[in-house]
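In this text, residue positions in the sequence shown follow this note's numbering: the first is 419, and each later residue adds one.
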Amino acid sequence: MTAKDQPQAARRTLVKLAGLAAALAVIPLGAGVAKATDRKLKIGIIGSGHVGSALGGVWARDGHEVMFASRNLDADRKLAADTGANARAGTPQEAAAFGDVILLAVPYSAYPELEKSVGPALKGKVVMNASNPFPQRDGPIGDQARSEGAGLFDAQALPGARIVRVFNAIGSARMASAHTDPGKIAVPLAGDDRRALETTAQLAREVGFVPVVVGGLAMGKYLMPGTPLAGEHTPDELRGIAATLKP
419 MTAKDQPQAA
429 RRTLVKLAGL
439 AAALAVIPLG
449 AGVAKATDRK
459 LKIGIIGSGH
469 VGSALGGVWA
479 RDGHEVMFAS
489 RNLDADRKLA
499 ADTGANARAG
509 TPQEAAAFGD
519 VILLAVPYSA
529 YPELEKSVGP
539 ALKGKVVMNA
549 SNPFPQRDGP
559 IGDQARSEGA
569 GLFDAQALPG
579 ARIVRVFNAI
589 GSARMASAHT
599 DPGKIAVPLA
609 GDDRRALETT
619 AQLAREVGFV
629 PVVVGGLAMG
639 KYLMPGTPLA
649 GEHTPDELRG
659 IAATLKP
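So this is what it looks like as structure tokens:
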């Protein structure tokens with residue numbers, strides 16, 4: 419190749435790479451979501467109740483670093499000590515700064531305070547939202563989240579966060595035990611960010627579930643108790659149910 423031909427060859431290579439990138443971008447996500455990464459993550463858990471403690475315990479045992487955070491730092495310190503060397507405790511602000519990935523498991527009534535205290539720190543981060551709006555507990559904000567759809571409400575409440583709704587409608591006892599007999603129970607995921615879905619899917623696998631992406635955040639309204647996607651389903655059952663639902 420002459421020096422004269424080199425610029426043209428470089429341009430042709432760039433065009434081919436751009437075409438390949440565009441093709442990959444439209445590959446749909448499904449039950450076989452590719453592994454996002456095998457590296458160990460820092461996971462900030464804001465809300466260390468039944469769900470947060472169950473999931474955090476499994477991830478810590480799998481080698482990830484977790485930080486438990488809630489309004490009760492003493493309880494979080496005890497939880498971290500019981501969980502083991504990969505766990506620590508902190509404030510919600512510290513957990514938001516600590517985590518590569520954030521698990522959110524708090525009442526919707528806490529959202530206004532949460533948005534002010536940690537919202538800026540969540541921008542650009544994967545936020546796995548396991549929270550559910552219950553109007554009888556959360557008041558008007560619970561009604562609003564149900565009316566708008568939980569996923570779309572989440573995106574408005576935490577702008578800039580890469581939100582995936584997940585772990586919303588399966589019991590915490592199963593979250594703590596699914597890894598002992600993995601690959602049997604499906605867990606639905608809803609999100610608009612491909613990379614965030616991939617990361618969440620991998621962490622769901624490590625808990626023992628089969629991740630099934632059911633759609634974008636508009637489908638998040640179905641990821642809560644009392645909807646057809648709630649409860650324990652096989653992957654095929656969950657895909658069949660999701661196919662009958664509209665955003």
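All residues carry an ideal CB built from backbone N, CA and C; glycine is no exception. Given the structure is predicted, the values throughout are model-derived calculations rather than measurements.
As DSSP reads the structure, Lys460 sits in a beta bridge with Glu483. The Cβ neighbour count for Asp572, taken over all protein chains shown within 10 Å, is at least 16; the residue is labelled buried. In the structure shown, Met642 adopts coil according to DSSP, grouped into three states. Of Ala528, Ala594, Leu532 and Met637, the smallest CA-CA separation from Ser565 is found for Met637. No residue range can be given for Leu635, since it is assigned to no beta strand (DSSP E) and is classified by DSSP as neither H nor E. DSSP places Arg580 within a strand segment (E or B) once states are collapsed to three. In this structure the stretch 510 to 522 lies against the stretch 458 to 473, because at least three pairs of beta carbons, one per stretch, are closer than 8 Å.
Gly475 sits buried, since 16 or more C-beta atoms from the chains shown fall within 10 Å of its C-beta.
In this chain, the alpha helix (DSSP H) harbouring Ile559 covers Pro558 to Glu566. Bounds of any alpha helix (DSSP H) do not take in Val524, whose DSSP letter is neither H nor E. Judged by beta-carbon spacing, Ala608 lies within the 7 Å limit of Arg583, meaning their Cβ atoms are closer than that value.
With fewer than 16 other Cβ atoms inside 10 Å of its own Cβ, Asp492 counts as exposed. Each of Lys496, Gly557, Ile588 and Asp494 was checked against the Cα of Tyr640, and the nearest Cα belongs to Ile588.
The closest CA to that of Ala619, considering only Pro665, Met546, Ser527 and Leu663, is found on Met546.
Around Pro553, the same chain offers Gly560 and Asp561 as residues with beta carbons nearer than 6 Å, after the five sequence neighbours per side are excluded. Ala539 carries a helical assignment under DSSP once its states are collapsed to helix, strand and coil. According to the DSSP secondary-structure assignment, Val605 is paired through a beta bridge with Pro629.
Counting other Cβ atoms within 10 Å of its Cβ, Ala591 stays below 16 and is therefore classed as exposed.
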